[in-house]
DNA sequence: ATCCCGAGGG
DNA sequence: CCCTCTGGAT
């Protein structure tokens, strides 16, 4: 196979993006947070390593029992643990959720900061979670949140080469490949795609809508 | 039974 | 780089 030119790669990348749009039209956040940035932050934090479904099962009771950041800031850890017990990492997350509420109240006047560095000062909020919150709650697109889904997909599509062996290098490759207008949709859609089709092991190439565009397609 | 794979800490 | 925290998916 001849080496793909940059122009050809860019065209392939844009076709990938178009098909993602068709497949995940106007992707809305699956988490239940009532449009409240604080609740969104907590919900995204809780959703790490678990399903949105599992998170949506516990957050309504959390909002009911602790309606405001101030309420959550003074919560008993054991009460919060009881509420979120059915999701992964609940012990760590219960402590983080309360600390987040305390910091939001004490340092940010009860409002989630609209700044990626400030967001990442909240316990349990890393770069990925911060990007999701900025994008979802405020429509701010700082970059592309490279979690393991995006990392895996970028490498399978050969949009990131073997030397792009870190999330940061992979993000750089994607930012160069895609115009800024696509960054937000990528943040949204690739995670869905990575969860249901381009899964880590035994990817479902047989039912994949990108197979003809993918150098790694197994056509299984 | 093993892998998943975000954040934080060593 | 290494490891831990957990329920869920496979």
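Residue numbers (UniProt numbering): 1 to 220.
For each residue, glycine too, the CB sits at the ideal point set by N, CA and C.
Beta-carbon proximity list for residue i, same chain, < 7 Å, skipping 5 on both sides
{"i": "residue 80", "result": "94, 97, 98"}
{"i": "residue 193", "result": "20, 153"}
{"i": "residue 145", "result": "127, 128, 131, 132, 187"}
{"i": "residue 167", "result": "146, 151"}
{"i": "residue 210", "result": "16, 19"}
{"i": "residue 52", "result": "30, 31"}
{"i": "residue 105", "result": "69, 70, 73"}
{"i": "residue 102", "result": "73"}
Proximity test, residue i beta-carbon vs the ligand NAP heavy atom, cut-off 7 Å
{"i": "residue 176", "result": "Here there are no bound small molecules, and the ligand NAP is not part of this structure."}
Local conformation of residue i per DSSP, three classes
{"i": "residue 121", "result": "coil"}
{"i": "residue 94", "result": "helix"}
{"i": "residue 74", "result": "coil"}
{"i": "residue 195", "result": "helix"}
{"i": "residue 147", "result": "coil"}
{"i": "residue 184", "result": "helix"}
{"i": "residue 216", "result": "coil"}
{"i": "residue 100", "result": "helix"}
{"i": "residue 29", "result": "coil"}
{"i": "residue 9", "result": "helix"}
{"i": "residue 48", "result": "coil"}
{"i": "residue 22", "result": "helix"}
{"i": "residue 56", "result": "helix"}
{"i": "residue 36", "result": "coil"}
{"i": "residue 86", "result": "coil"}
{"i": "residue 167", "result": "helix"}
{"i": "residue 129", "result": "helix"}
{"i": "residue 206", "result": "helix"}
Span separating the alpha-carbon of residue i from that of residue j
{"i": "residue 67", "j": "residue 131", "result": "24 Å"}
{"i": "residue 161", "j": "residue 155", "result": "7 Å"}
{"i": "residue 183", "j": "residue 121", "result": "23 Å"}
{"i": "residue 13", "j": "residue 212", "result": "12 Å"}
{"i": "residue 149", "j": "residue 75", "result": "34 Å"}
{"i": "residue 201", "j": "residue 9", "result": "25 Å"}
{"i": "residue 6", "j": "residue 164", "result": "16 Å"}
{"i": "residue 116", "j": "residue 24", "result": "26 Å"}
{"i": "residue 123", "j": "residue 4", "result": "43 Å"}
{"i": "residue 177", "j": "residue 216", "result": "19 Å"}
{"i": "residue 11", "j": "residue 159", "result": "11 Å"}
{"i": "residue 109", "j": "residue 34", "result": "20 Å"}
Cβ-Cβ separation, residue j to residue i (assumed contact under 8 Å), whole Å
{"i": "residue 157", "j": "residue 16", "result": "7 Å"}
{"i": "residue 38", "j": "residue 60", "result": "Between residue 60 and residue 38 the Cβ distance is about 15 Å, and since that is not below 8 Å, they are no contact."}
{"i": "residue 87", "j": "residue 46", "result": "6 Å"}
Beta-carbon contacts of residue i that lie in its chain and below 6 Å, excluding the five residues immediately before and after
{"i": "residue 204", "result": "197"}
{"i": "residue 32", "result": "56, 59"}
Spatial neighbours of residue i in its chain, beta-carbon cut-off 8 Å, leaving aside the 5 residues before and after
{"i": "residue 119", "result": "41, 112, 113, 125, 129, 130, 133, 134"}
{"i": "residue 141", "result": "134, 135, 180, 183, 184, 187"}
{"i": "residue 175", "result": "143, 144, 183"}
{"i": "residue 195", "result": "149"}
{"i": "residue 173", "result": "154, 159, 160, 161, 164"}
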